[in-house]
Amino acid sequence: DAPGLIRFIETAIGGRLSGTEVEPDGRIAHAEIRVEDGFVMIGEAPPGRAPFPAMLHVYVRDSDTAYRRALEAGATPVQPPTDRPDGQRRAGVRDRWGNEWWFSSPISKD
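Residue numbers for the sequence shown follow my numbering, beginning at 4 and rising by one.
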């Protein structure tokens, strides 16, 4: 369900779809979603292969906001936003497809 996952990325972390490659059968073979200064690239499993979950680590400006928006978009919590010894504030969620998302941002100096 690439269209559903694209909507989740748009809603949860403000992604913007920048391009897709669609196969003749309508399957999205490749989609690029811009997230801040980077991209998340996804695709639907080809015929004969079962879909499988992934673990993604995305750097965002505000991990608290990404975590909250992901939960509002239907994700389940894995780890609430937590300050880590590496200077990052990190949070984790699991989307309805079983993918685990980790959001990191620098710890605020305020």
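Cβ atoms here follow ideal geometry from the backbone N, Cα and C, with glycine treated the same way. What you are looking at is a predicted structure, and each value in this text was computed from that prediction instead of being measured.
Counting C-beta pairs closer than 8 Å gives fewer than three between the stretch 28-47 and the stretch 73-88, which falls short of the contact rule. Distance check between Gly-77 and each of Ala-15, Ala-5, Pro-6, Asp-67 places Ala-15 closest, using alpha-carbon atoms only. According to the DSSP assignment, Arg-10 belongs to the alpha helix (DSSP H) that extends over 5-16.
Burial is judged here by how many other beta carbons sit within 10 angstroms of a residue's own beta carbon; Gly-22 has fewer than 16 and is exposed.
Burial check for Asp-40: the Cβ neighbour count within 10 Å stays below 16, so the residue is exposed.
Secondary structure remark: continuous beta strand (DSSP E) runs of at least 3 residues inside the stretch 48-94, in chain order: 58-62, 79-86. Around Val-25, the same chain offers Ile-31, Ala-32 as residues with beta carbons nearer than 8 Å, after the five sequence neighbours per side are excluded. Following the DSSP letters along the chain, one finds Ser-108 inside the beta strand (DSSP E) bounded by residues 103-109.
Among the bridge pairs identified by DSSP, Arg-37 is matched with Arg-19, Phe-42.
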